[in-house]
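**Q**
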Amino acid sequence: MASVPHIAVIGGGSTGIGIARDLAMRGLDVTLVEQGNLTHGTTGRMHGLLHSGGRYAVSDQASANECIEENKVLRDIASHCVEMTGGMFVKRPEDTEEYFEEKLEGCKACDIPAEVISGEEARAIEPHLARDIDKAITVPDGAIDPFRLVVANAASAEEHGARIETHSKVTDLVVEDDEVVGVEVEHQTGPDKKVRGTEGGTEQIRADYVVNATGAWAGRIGDMANVDIEVRPSKGVMTIMNIRQVDTVINRCRPKGDADIIVPHETTAILGTTDEEVDDPEDYPEEGWEVELMIDTLKELVPMLEEARTIRSFWGVRPLYEPPDVGSDDPTDITRDYFLLDHEERDDLHGMTSIVGGKFTTYRMMGEEISDHVCDQFGIDAECRTAEVPLPGSEDFSVLRDYMDEFGLRSPIGRRSVERLGSRAEDVLNTDGPNPTVCECEAVTRAEIKDAISQSGANLNAVRIRTRASMGNCQGGFCCNRMASELHGEFDEQITREAWDALLQERWKGQRHALWGQQLSQAALNYALHATTQNRDNDPADGEPVDFAAFDSGPTPTGTSGQTGVVTDGGTRDGD
Amino acid sequence: MAIESEVLVIGGGLAGLTSALSAAREGADVRLVSYKQSTLRNASGLVDILGYTPDGEGPLTDPYEAIPDLPDEHPYSTVGLRTVKEAMGLFDEVVPNYQGEHTETNALLPTHGGTVKPTARYPASAAPGLASDDRDVLLVGLESMVDFDAQHVAAHLENAGVPFDVRGETIRFPGDLRADAKVTRYAKLLDTNSEVPVRGRNKMARDALAERVNPLLEDEERVGLPAILGDDHARSVRAALSQKLGAEVFEVPMGPPSLPGLRLEDALFEALDEAGASIETGNPVADFDGEDRVERIYIEKNGAKIPNTADQYVLATGGLVGKGIESNRENVYEPVFDCHVDNAADRYEWFENDVFGDHPFATYGVATDPDLRPTDADGDLEFENVRAAGGVLGGYDYAAEKSGSGVSLSTGYAAGQSAAQEAL
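Line by line, the protein sequences give chains A and B. Residue numbers for the first sequence follow my numbering, so the first one is 1 and each next one is one higher. Residue numbers for the second sequence follow my numbering, so the first one is 577 and each next one is one higher.
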C-alpha cells in the first residue's frame, strides 16, 4: 500500500460521486469508474425533488429525519443547484382527515417545519389548485437539478485529486484470497465518450478498497464476486409539462399511491410517479397507460393539467433494498432508507462494501457514512467536510449580480444563465466574441454551450444535460443544428454529424409519450425543419453519392455566367 | 346581414393564396379569411414539387416523372400530372423573382444544415448557389447568427460531395447589432443602406459588409450568405454586394423566420390583391351552419361571431403545423368542419421510433373525392360545396418527399378553379 490508500468507487451517480468527493477531500486516493456518462443511471432519471422529508413523515420516519437534515445542508453547499420552491401536502375531500393529522404530527416529530393552511390560502399561493382542495400542510420541499449537482461534485472531487473515468464499464472484480483487490474495466472509445479519463482498451485498476455504489446495478457487481445483493429495482414514470402549472411542489396528502406529486423544475413541471418492481434496470416496459395515469390522477389536484401540453415522459428505476428477512411484496412498502453492506462481515469477502437503497436527497449523508466506514478500515481519522464546503458554483453566491448588462445579455437570459452557473457565471460568460442565444426555450447562450463542450467532448447529449439546451418546449427543433455547429469548432464534420444525429434521436425518443395536441404539432414542425428545410433525413454525406451533373445548373451553362453583379430576375417590387 | 362571396377560402398559406388566386382568375368573387400567421414564414422559400418518392427513392432529377406512379391517395394522384404543370405555370406567371421554370429538371440547393436539397423553383436570390454549378464557393457566416455556421456548412457540403470547392469564413456584421438581432434587422439595414459605425467612422451598410468579406475572398466566383440580404430591395442589395465583391452573391435559405418565405408570402398577397379578392386576416372561424352543404361560417371578431356566406368553400387551413389538423389523446381531427381524418386508434401507432422513420402522423389529413371534396369514413361527401387544398389533405408525407409546396400549389389551383366554375 502506498502512503495513502487507493479506493475504487464504482458508479457515477449521486451516491458514487458524493463518496468520491468526500474521500478525496479527506486526502484519500480515489478512482471513480462509471459505465456511461455521469448520472447515466437513476440520478439522471428522477423528478428533481429536494425532499423536506414530508413524504416519509408517516410511514418511514428514519428516512424523513435524514431528508430534512440533508435538505438544509444542500441549500447551503449546493445553492446554485437548488430552487427553494416550498411544498405542500394538499387534501381533497375524499382524502381522510386522520391521515392529514398523522402527516402533520409526523412532520412535527421529525422536525420538519409544517403549517396547516386553508384551501383558500393554498389557492392564493397556487391559483390553479382545484376548487375543492380542503386544506394543506406547507413544508420546505424544493427543486434540485441532479445533473448540475453531480457535475459540481465531480469537479470538486477532481480538484481534490480524484481520477474520474466515465464510459468505463466494470467487467470484473479482481479477487485474490477472498479479498477484492481491484476492478477490471473496459474503457470505451470515440470522441463522444472522451468525457473524462482514459480512452479505449481494458485496464486493471488495483485498489486497497472497493466501494460498490451502483444502485440498481449493485447486484451485478456482487455477482462478479459471488455475493448476493438483492436490490429490488422499481420503475417510476415522470411526465414533463411544457410550463410550470405550479411554482410550489404539490404532494397529495394520502397514504402511498401513484401519481401524487408535481415538482416545478426550471421551466417545466414534472408529474410523478409510479412504483412498480422490474427485473432488469435496463430493460423494462415504458407504457402509455402510465402517462395517462399521471394526467388523469393529478388533474384532480390541478385541473388545467387535463388540457395542458406535455413535452415528454421518462422513466427511472429506484435502487430499493430491504434486508432479506423483511420480504415486502409491494415495492411501495420497501423502505427508502439506505444500507451499508460490508461484505467482510456479511459474506467473508474482504475489501469491498456496497451501499444500496437511499435517496438522492441523502446522497451526501450516504457518502459521509461510507467514507467513515472506509477510513475505519485503514484506521484513518479524517473529518468529513462535505457538509460545510460549498460545491464549485455555489461559493460566495449570496446575491444574483446584474450579469445582464455586464455580459450583454437580455435580462431573462442573463438571469437564467446565472442561476445555472452560479459563481462560475463570470468565468463562463466572460467571452471575447458576441454571445448569442443558442437555445431560446431554455435561454442557453453560446458561451455556456462551449463551456459544456470543453467538459464533455463530442457528445451533445452530455452538453444537453449540463446546460438544458434542447430540453424546452421545442425539444430541439430549433437548436439541434445550432448545438452541432458549436461542436464543429472543436471536432471534424463527421464526428459532429454523428453527435447531431444522436441528439436528434434522443430528443425524439422521449417525446413519443407526449405526441398529441400541441406537442404533436411541434413534432410535425420539427420534422419539417429538419427534413424539409435542412434535408437531414436524406443527408448525402451519409448516403449514396449524388450525381450533381444530372440536376439543373441554372438557365445559363455552368461556368459561363461570369458576368458578376448581374442578377437575372426581373423583379417588380424592387424600387431602387 | 352576412358578408357574401362566391368563393370563400379559409387559410392564408400557399394553398389558400393559390386557390383564391385561381378562383379569382376564373372570374369568381373571392374572399379569403385567415387566422394565424402563415406557415410560409417557417418555410425556406424553395418551391418543391417532388424530391423523393414515398419509398425514399431520390433525389429525383425529374419531379414529374414519378407522379403517375404515386399511390391513389396521394393528392398528386387526385389532381393529375397536367394540373400540377398548370399550377406551376400559374406560379411562374404571378410570382416574380423566382427561377427554375426553364427546365423540368430538379435543382439541388445548399441548405443551412449543410446538405443539398432537390427543389423545382428557387428564389433568384438563391440561384447562384446551385449545387450543380461547378464554380467555387465562399460561404460567409455572421458571428452571432447561430443558425448558419459557414465553416460547418462548408465542411458538410464538401462531405456531401458537391462538385466545387467550398470554404467557410465568419465575420462580425458591421455596426453594433445586438447578439440576438432578428433577421429583419439585418435586412432592413441593407435595404435602406443606412450608415453603421465601423471603428469610429460611419459607413454605408452595404459598403461596410463588402469590406468585411473582401479580404477573405480568394478566387471564388460565388459568395453565399445566410438569407438576410434585404427584404423590399433584395435585388439591389445583392447586385450592389456582387459588384463590390466581384463575385456573384447568393443567399442560403434558412429556417424561421425566413425572409425568402416572407417575400413569397408578400408576392402572393400582392398578386391576390391585384386579382381583386377581399382578404381578412387575424380572426378564426368559430362555427358554421349546414348539413349537406355549408351555408355559412362564423368568423370570431372581438368576441362577436360574424356570419360569412358563400356558394363554395375552400378549406386550406394547413396540416398539423398550421393547426388545420389537430389532435388530442384519443383522436386526430379537422377542427373547422370536423371532416373525417383517418388515423390509428392507438396514438402510439401515430409515429415510428426512428426520428426520420415513416411517421404515419405526417400523412394524416382529410381524404377527398376526385374534385378535392372531403369524404367521410364511408367515402361519402362531407359537404357538397367544400374543397380541401394543401396541408390539410392526407395521403402524403411532404417532409420526406419534399413535396409540400407543389401539393399546395396544385391542389390550391385545382380547388380554386373548380370552386369558381361551380359558383359561376
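Ideal Cβ positions, reconstructed from N, Cα and C, are used throughout, including at glycine.
Quick one: what's got a C-beta closer than 7 Å to I19/A's C-beta in the same chain, skipping five residues either side?
**A** Around I19/A: V9, V211, A213, G367, I370 and S371.
**Q** Report the three-state DSSP secondary structure of Q455/A (helix, strand or coil).
**A** Residue state, collapsed to three classes: helix.
**Q** Closer than 7 Å by beta-carbon distance: list the chain B residues that pair up with S553/A, in chain order.
**A** By Cβ distance, chain B contributes L706, S708 and D709.
**Q** Report yes or no: is there a C-beta of chain B within less than 8 Å of the C-beta of E508/A?
**A** In the sequence as displayed, the identity of residue 508/A is Trp instead of Glu. It does: the Cβ of W508/A has a partner Cβ on chain B nearer than 8 Å.
**Q** Check the Cβ of A869/B against every Cβ in chain A and list those closer than 8 Å, keeping chain order.
**A** In the sequence under discussion, the amino acid at residue 869/B is Arg, which differs from the Ala named in the question. Within 8 Å Cβ-Cβ: nothing; R869/B doesn't reach chain A, min ~30 Å.
**Q** What would DSSP say about E745/B, mapped onto helix, strand or coil?
**A** E745/B: strand per DSSP, three-state reduction.
**Q** Let's see if you can read the secondary structure: which residues bound the alpha helix (DSSP H) around W508/A?
**A** Run containing W508/A: E493 to Q511, per the alpha helix (DSSP H) assignment.
**Q** I'd like to confirm something about E958/B: is its beta-carbon nearer than 7 Å to some heavy atom of the ligand COA, or not?
**A** As for the ligand COA, it is missing from this structure, which has no ligand bound.
**Q** Output yes if chain B places a C-beta closer than 8 Å to the C-beta of V438/A; else output no.
**A** With 8 Å as the cut-off, V438/A counts as an interface residue toward chain B.
**Q** Would you say K693/B lies against chain A (beta-carbon separation less than 8 Å)?
**A** Answer yes: the Cβ-Cβ gap between K693/B and chain A drops below 8 Å somewhere.
**Q** For the alpha helix (DSSP H) containing L293/A, list its first residue and its last residue.
**A** Per DSSP, L293/A belongs to the alpha helix (DSSP H) from G288 to L298.
**Q** Could you pull out every residue in the same chain whose Cβ sits closer than 8 Å to the Cβ of A920/B, ignoring the five residues on either side in sequence?
**A** These residues qualify, in order along the chain: W926 and P936.
**Q** Does M471/A have its Cβ less than 8 Å from a Cβ in chain B?
**A** So no, M471/A is outside the interface.
**Q** Quick check on this structure: which residue in D279/A, V389/A and G48/A has the alpha carbon closest to the alpha carbon of G266/A?
**A** The amino acid at residue 266/A is misidentified as Gly; the sequence shows Glu. When each option's Cα is compared against that of E266/A, the closest is G48/A.
**Q** Using the C-alpha atoms, what's the distance from R782/B back to V692/B?
**A** For V692/B and R782/B, the distance between alpha carbons rounds to 28 Å.
**Q** Whose Cβ in chain B lies nearer than 9 Å to the Cβ of L515/A?
**A** Going along chain B in sequence order, the residues near L515/A (Cβ under 9 Å) are S903, R923, Y924, W926, F927 and F937.
**Q** Where does S979/B sit, in a helix, a strand or coil, going by DSSP?
**A** Of the three classes helix, strand and coil, the one that applies to S979/B here is coil, per DSSP.
**Q** Given R446/A, which residues of its chain have a CB within under 7 Å of its CB, disregarding the five upstream and five downstream residues?
**A** Once the five neighbours on either side are set aside, the close Cβ partners of R446/A are N435, P436, V438 and E486.
**Q** For A514/A, which residues in the same chain have their Cβ closer than 7 Å to its Cβ, ignoring the five residues on either side in sequence?
**A** Excluding sequence neighbours, A514/A sits near T310, I311, R312 and S313.
**Q** Since T171/A and E184/A are thought to touch, with beta carbons under 8 Å apart, how far apart are those beta carbons, to the nearest angstrom?
**A** At roughly 5 Å, the Cβ-Cβ gap stays under 8 Å, so T171/A and E184/A are in contact.
**Q** Using CA coordinates, which residue listed in Y321/A, I133/A, K299/A and L301/A is at the minimum distance from G215/A?
**A** Closest by alpha carbon: Y321/A.
**Q** Mind checking whether A1003/B and V828/B have CB atoms under 8 Å apart?
**A** Since the displayed chain B opens at 577 and closes at 1000, residue 1003/B lies outside it and no answer follows.
**Q** Apply the 10 Å Cβ neighbour rule to D752/B and answer buried if 16 or more other Cβ atoms are within range, or exposed otherwise.
**A** So D752/B counts as exposed.
**Q** So with CB distances below 7 Å, who are the chain B contacts of Q505/A?
**A** The answer, in chain order, is V931.
**Q** Can you list, in chain order, the stretches of the beta strand (DSSP E) that have 3 or more residues and sit fully within the region 678 to 764 of chain B?
**A** Counting whole runs of 3 or more residues, the region 678 to 764 of chain B contains the beta strand (DSSP E) stretches 683 to 686, 692 to 695, 713 to 718 and 742 to 747.
**Q** My output table needs one value for Q613/B: the three-state DSSP class, helix, strand or coil.
**A** Looking at Q613/B - three-state DSSP - the assignment turns out to be coil, as it is neither helix nor strand.
**Q** Listing by chain order, which chain A residues have their CB less than 9 Å from the CB of V897/B?
**A** Correct list: S521, Q522, A524, L525, Y527 and A528.
**Q** Taking only the alpha-carbon atoms, compute the straight-line gap between T787/B and L718/B and give it to the nearest angstrom.
**A** Correcting the residue identity first, residue 787/B is Glu in this sequence and not Thr. C-alpha separation (whole angstroms): 14 Å.
**Q** So if I threshold CB-CB distances at 8 Å, which residues from the region 787 to 805 of chain B count as touching chain A?
**A** Within the region 787 to 805 of chain B, the qualifying residues are E797.
**Q** Do C67/A and K359/A count as a contact pair if the criterion is CB distance below 8 Å?
**A** Going by C-beta atoms, K359/A is nearer than 8 Å to C67/A.
**Q** 8 Å is my cut-off, CB to CB: does Q188/A come that close to chain B?
**A** Chain B contact via Cβ: absent.
**Q** What are the partner residues of M88/A, as DSSP defines its beta bridges?
**A** Paired residue(s): T138/A and I250/A.
**Q** Evaluate W508/A with the Cβ neighbour count: other Cβ atoms within 10 Å of its Cβ, from every protein chain shown; 16 or more gives buried, anything less gives exposed.
**A** Counting Cβ neighbours within 10 Å, W508/A comes out buried, since at least 16 surround it.
**Q** Look up D258/A in the DSSP assignment and say whether it is helix, strand or coil.
**A** Note: D258/A maps to coil in three-state DSSP.
**Q** So, using beta-carbon positions, are D914/B and A943/B closer together than 8 Å?
**A** For D914/B and A943/B, no; Cβs fall outside 8 Å.
**Q** Count the other CB atoms, across all protein chains shown, that sit within 10 Å of the CB of V759/B; report buried if there are 16 or more and exposed otherwise.
**A** Result: buried.
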